[in-house]
Structure formats: C-alpha cells, structure tokens
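> Take the sequence shown: its letter number 35 is residue 1523 in our numbering, and every next letter is one higher.
Cβ coordinates follow ideal geometry from the N, Cα and C atoms, glycine included.
Bear in mind the structure is a predicted one, so any value in this text is a computation, not a measurement.
The structure is given below, and queries will be raised subsequently.
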Amino acid sequence: MRTKNAAETDGRGLEANRNNHKLSNSNRVITSLAAGALAGAIAKTVIAPLDRAKINFQTSKTPFSHRKAVRFLVKSYLNEGLTSLWRGNSASLARVVPYAAIQFSAHEQWKRMLGVDVAGHQSVAEYRRAIAGSLAGVTAVSLTYPDRKSVV
C-alpha cells in the first residue's frame, strides 16, 4: 500500500501536509489582515506615480494622452525629484490599507463560512466563491466607510 507524500493532495485539492499547520481562527484573521494590509500598501505605492498623473489631468484643462502623462511624470521628476511622484501617497494609504486588510480577511472568513474550500462540486464552489467575494466587499465598505448608509 502506497502512502501520500507531502506534495500529494487529499482529493479536495488541499495539500495533505496542510492539516499539520492549522492556525486558530483568531491567528488566521490576524494573518489575513496583515497580508491584506501589506498587499494593499504595496499595490497603492507601486501605482502612486500613475495615480498622481491621473489626478493632474483631472484637475487641469489639459486633455489626457499617454504622451502627456509620461511628460508630466518626467517633468515632475526633473523639477521636484523622485519622491514627488509619491506625493499624496500617505493619504491614499490611510484609506486603502484598512480597506484592503478588512476585505482580504473578510473574504477568507466568508469562504470558510460558506464552505468554499470543502465543496464537492466545482460549480458550487465557484458560486460560493463569488458570494464570498461580494460579501467581503460589503463587509469592507461597511467597516471602512461607515457614513455610507446606502451601501448596506
């Protein structure tokens, strides 16, 4: 009789080794909050120069073009330095990091509650995964933008 090695699966698509490394639910929430916050911060910081160019075109009468956007970024860099491309990023991070943390953690929790990872049929798992994503978005918006009563 052949035994499974750590790389083989248990029939549900999960690694057999996974059961040996179970986290408590509170540790799972903390881990996913940290992962979501970090992912949101990195994503927003990488995109910040492009966001700055977008805001420049939104607040000026200059029509957008890719060439003009690149010209704006180069001009900002030459006149104000490299860090000018990330001006305003801390304000964006103050909004994005909590939202991303809660959304990612809520998605993991909703998937767990809806049994996405243990569903027997792929079509049911996909349906539940979509519901989990929707509920995670509602959860994150409700908790990070409490003044928006029309969302819930």
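Are V1584 and G1528 touching if we call contact CB-CB under 9 Å?
Their beta carbons are under 9 Å apart, which means V1584 touches G1528 by this criterion.
> Does DSSP put T1550 in a helix, in a strand, or in coil?
The answer is coil: DSSP assigns T1550 none of H, G, I, E or B.
> Going by DSSP in three states, S1512 sits in which element: helix, strand or coil?
DSSP places S1512 in coil when its eight states are reduced to three.
> Return the CA-CA distance between K1599 and A1620, expressed in angstroms with no decimal places.
Each residue's Cα considered, the two are about 5 Å apart.
> How long is the line joining the alpha carbons of I1590 and R1555, rounded to whole angstroms?
If I take the Cα positions, the gap works out to 37 Å.
> If you reduce the DSSP assignment to three classes, tell me which class K1492 lands in.
Its pLDDT being 49, under 50, K1492 is placed unreliably by the model, and the measurement read from it follows with that caveat. DSSP places K1492 in coil when its eight states are reduced to three.
> Secondary structure at G1625, three-state DSSP: helix, strand or coil?
The answer is helix: DSSP assigns G1625 an H, G or I state.
> Spell out a yes or no on whether the region 1550-1567 and the region 1513-1531 are touching, meaning 3 or more CB-CB pairs, one atom from each, closer than 8 Å.
With the cut-off at 8 Å, the region 1550-1567 and the region 1513-1531 do not touch.
> Could you spell out where the alpha helix (DSSP H) holding R1575 opens and where it closes?
That residue, R1575, is in no alpha helix (DSSP H); it is neither H nor E in DSSP.
> Please report the Cβ distance between K1532 and N1577, rounded to the nearest whole angstrom; I am assuming they are in contact, meaning their Cβ atoms lie under 8 Å.
K1532 to N1577, Cβ: 7 Å. Contact.
> Tell me which residues share the same chain as N1508 and place their Cβ nearer than 6 Å to its Cβ, disregarding the 5 neighbours each side in the sequence.
Bear in mind that the predicted position of N1508 carries a pLDDT of just 47, short of 50, making it too unreliable to give a figure here.
> Could you check what DSSP says for G1528 in three-state terms: helix, strand or coil?
In this structure, G1528 counts as helix in the three-state DSSP scheme.
> By Cβ distance below 8 Å, which residues in the same chain neighbour L1511 in space, the five residues on each side in sequence not counted?
Hits under 8 Å: T1519.
> Taking C-beta to C-beta, are V1604 and A1613 nearer than 9 Å?
Yes, these two residues count as a Cβ contact at 9 Å.
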